[in-house]
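Student: Please find one structure pasted underneath; my questions will follow.
2 protein chains.
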Amino acid sequence: MTESGKPILYSYFRSSCSWRVRIALALKSIDYEMIPINLIKDGGQQFSEEFQALNPMKQVPALKIDGITICQSLAIIEYLEETRPTPRLLPQDPKKRALVRMISDLIASGIQPLQNLSVLNQVGQENQLTWAQKVITSGFNALEQILRSTAGKYCVGDEVSMADLCLVPQVANAERFKVDFTPYPTISHINKTLLALEAFQVSHPCRQPDTPPELRA
Amino acid sequence: MTESGKPILYSYFRSSCSWRVRIALALKSIDYEMIPINLIKDGGQQFSEEFQALNPMKQVPALKIDGITICQSLAIIEYLEETRPTPRLLPQDPKKRALVRMISDLIASGIQPLQNLSVLNQVGQENQLTWAQKVITSGFNALEQILRSTAGKYCVGDEVSMADLCLVPQVANAERFKVDFTPYPTISHINKTLLALEAFQVSHPCRQPDTPPELRA
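Shown next, in the form of structure tokens:
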């Protein structure tokens, strides 16, 4: 928290996990300050001693709030949901909550970690595109099938939920890796509907304080 | 659910994500039936049409319960926690709950997916051990540092939590990949304390219906 009591988000404009949290903060109208952590510059600012003390995993996002620092985007969102419940990001019905968490985890554990920067650095530059496309299409094949039975307007029914906060940033990653969306009409449609919402627009990577001028929109 | 109304767990003895759920079921004294899905045999039983219809991600665990099927281990555990709250696996205090979820996600998104079977198959047999050791030590370096400030007897204070359900199976994976535990005294100590509990013993990979005779203990 700053002296003014505002939460501080450590974020990188292009980090899909940071974007999830930015959407949650926007939806819940939580005012915050942002400290950009550039994952590329200076060999990666997440590796600085100062940032490692904050998050030993050397990853964004991290959120300082209510006197604690929380890392891991879904843990942050669950905390915001428990302490700032309006508007809710988890349905009331436990079975629907389970579906929301299942879809969120499918993306947060089953897709994103396999195509993040540190893994792509390890597989070597010539294999990066093929690797990323493979793990994303594998996850999206499953996701498309699941969403056909859970979706209404959004991932689970007609209320925006944590699952939607995971979907949109993952679709943006897929687009960067030139994934073919022909097999994913449900994913595409939900993504488009969500991108029309203000909270998804103000939190978009193309509109952050640390977005480079050439990527602004 | 079976006709008798028991939940059905689709599990593989060696899957660390399945083990997390087996511990939760044991701690909460939930009686269940198990259908083993052998991830190796027949080219991987998770790829069968029948199983894919159940979990399009082609992964274990999956739990049929209360008329729905839930996949993703943490989503399953959160559902069990909401519908069968005793004994609790998340603390009452929201800040402590955030720590539990942060540690759980660190393992479930930050370590396990990077060393699971499908990724190791992709990196090639000659690189598997080095790859697995690298991602696990990288995660454990962070985890050890975090646990030094959150742990009591267990990962967060003195109550068994979802974080502990993630820790023990991940330590078992690390041991299989011959990770050096010298830098991880806190992880090692908590793991040992947890393994003395009955719920962690009855759910152990060496004691499952599908454990091969040579790995039984």
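Protein sequence lines, in the order shown, are assigned to chains G and D. Heads up, the first sequence is in my numbering, so the first residue is 1 and it goes up one at a time. Heads up, the second sequence is in my numbering, so the first residue is 218 and it goes up one at a time. Ideal Cβ placement from N, Cα and C applies to all residues, glycine included. Remember, predicted model here, so these are calculated numbers, not experimental data.
Going by CA-CA distance only, name the one from G:C206, G:C155, G:S203 and G:Q112 that's closest to G:T193.
Tutor: Of the listed residues, the one whose Cα sits closest to G:T193 is G:C155.
Student: Where does the unbroken alpha helix (DSSP H) through D:C383 begin, and where does it stop?
Tutor: D:C383 -> alpha helix (DSSP H) spans M379 to R393.
Student: Three-state secondary structure (DSSP) at D:T354?
Tutor: Reduced to three states, the DSSP call for D:T354 is helix.
Student: Nearest-angstrom Cα distance between G:L165 and G:L197?
Tutor: Rounded to whole angstroms, G:L165 to G:L197 spans 12 Å at the Cα level.
Student: Do G:S16 and G:N173 have their C-beta atoms within less than 8 Å of each other?
Tutor: Contact flag set, yes.
Student: Exposed or buried, which one is G:I40 when buried takes at least 16 other CB atoms within 10 Å?
Tutor: Counting Cβ neighbours within 10 Å, G:I40 comes out exposed, since fewer than 16 surround it.
Student: Of all the CB atoms in chain D, is at least one closer than 8 Å to the CB of G:V60?
Tutor: Closer than 8 Å: no.
Student: Report the residues of the region 318–339 of chain D with a CB closer than 7 Å to any CB of chain C, ordered along the chain.
Tutor: In the structure shown, chain C does not exist; the protein chains are G and D.
Student: Determine the closest residue to G:S188 out of G:S11, G:H204 and G:P169, with distance taken between C-alpha atoms.
Tutor: Checked all of G:S11, G:H204 and G:P169; the closest Cα to G:S188 is G:P169.
Student: Smallest Cα separation from D:M379: which of D:P422, D:V352, D:L334 and D:I293?
Tutor: For D:M379, the nearest C-alpha among the options comes from D:I293.
Student: Can you check which of these residues, D:E343, D:A349 and D:V377, is closest to D:R393 by C-alpha distance?
Tutor: When only C-alpha atoms are compared, the closest one is D:A349.
Student: In angstroms with no decimal places, state the Cα-to-Cα distance between D:P253 and D:Y227.
Tutor: For D:P253 and D:Y227, the distance between alpha carbons rounds to 6 Å.
Student: With distances taken from CA atoms, which of D:A325, D:L280, D:D375 and D:V377 is nearest D:L360?
Tutor: Of the candidates D:A325, D:L280, D:D375 and D:V377, the one whose C-alpha sits nearest the C-alpha of D:L360 is D:A325.
Student: Count the C-beta pairs between the region 417–428 of chain D and the region 229–246 of chain D that are closer than 8 Å, then say yes if the count reaches three, no if not.
Tutor: In short, these stretches touch, since the Cβ pair count reaches three.
Student: Evaluate contact between the region 325–335 of chain D and the region 20–27 of chain G, counting only Cβ atoms and requiring at least three cross-stretch pairs below 8 Å.
Tutor: As far as the Cβ criterion goes, the region 325–335 of chain D does not touch the region 20–27 of chain G, which means the pair count is below three.
Student: For chain G, check one thing: does any of its Cβ atoms lie closer than 8 Å to the Cβ of D:C383?
Tutor: D:C383 does not count as touching chain G.
Student: What residues from chain G crowd round D:E299, counting only those whose CB sits closer than 9 Å?
Tutor: Per Cβ cutoff of 9 Å: P94, R97 and A98.
Student: Alpha carbon to alpha carbon, how far is D:K312 from G:G67? Give it in angstroms, no decimals.
Tutor: In a straight line, the C-alpha of G:G67 is about 9 Å away from that of D:K312.
Student: When you compare only the Cα positions, how much space is there between G:S149 and G:V21?
Tutor: Looking at the two C-alpha atoms, the distance is approximately 26 Å.
Student: Using the beta-carbon of each residue, which ones in chain D are nearer than 7 Å to G:M57?
Tutor: Result: L323, G327 and A359.
Student: In chain G, what lies closer than 8 Å to D:I363 by C-beta?
Tutor: Residues of chain G passing the Cβ test: P56.
Student: Could you tell me whether the Cβ atoms of D:K223 and D:E250 are closer together than 8 Å?
Tutor: It is a contact, given that the beta carbons lie within the stated cut-off.
Student: Which bits of chain D does G:C71 rub up against, with CB to CB less than 8 Å?
Tutor: Result: M319 and L323.
Student: For the alpha helix (DSSP H) that D:L323 lies in, which residues bound it at each end?
Tutor: Unbroken alpha helix (DSSP H) run through D:L323: P311 to G327.
Student: Check each residue of the region 14–38 of chain G: if its Cβ is closer than 7 Å to any Cβ of chain D, include it; give the result in chain order.
Tutor: Answer in chain order: no residues at all.
Student: Anything in chain D within Cβ reach of G:Y12, meaning under 9 Å, just list it in chain order.
Tutor: Those do not exist, as G:Y12 stays about 16 Å from chain D at its closest Cβ, beyond 9 Å.
Student: If you draw a straight line from the C-alpha of D:D397 to the C-alpha of D:Q309, how long is it?
Tutor: In a straight line, the C-alpha of D:D397 is about 35 Å away from that of D:Q309.
Student: Per DSSP, which residues does G:E81 bridge with? Please list them.
Tutor: Answer is none; G:E81 lacks a bridge partner.
Student: Report back the beta-carbon spacing between G:R84 and G:I30 to the nearest angstrom; my notes put them in contact at under 8 Å.
Tutor: The Cβ separation is near 6 Å, so the contact holds.
Student: Using the DSSP secondary-structure output, state which residues sit across from D:G374 in a beta bridge.
Tutor: DSSP, once it has assigned bridges, lists D:A368 as partnering D:G374.
Student: Considering only residues of the same chain and omitting the five flanking positions on each side of G:V135, which have a CB-CB separation below 7 Å?
Tutor: Only I111, L114 and Q115 meet the Cβ criterion.
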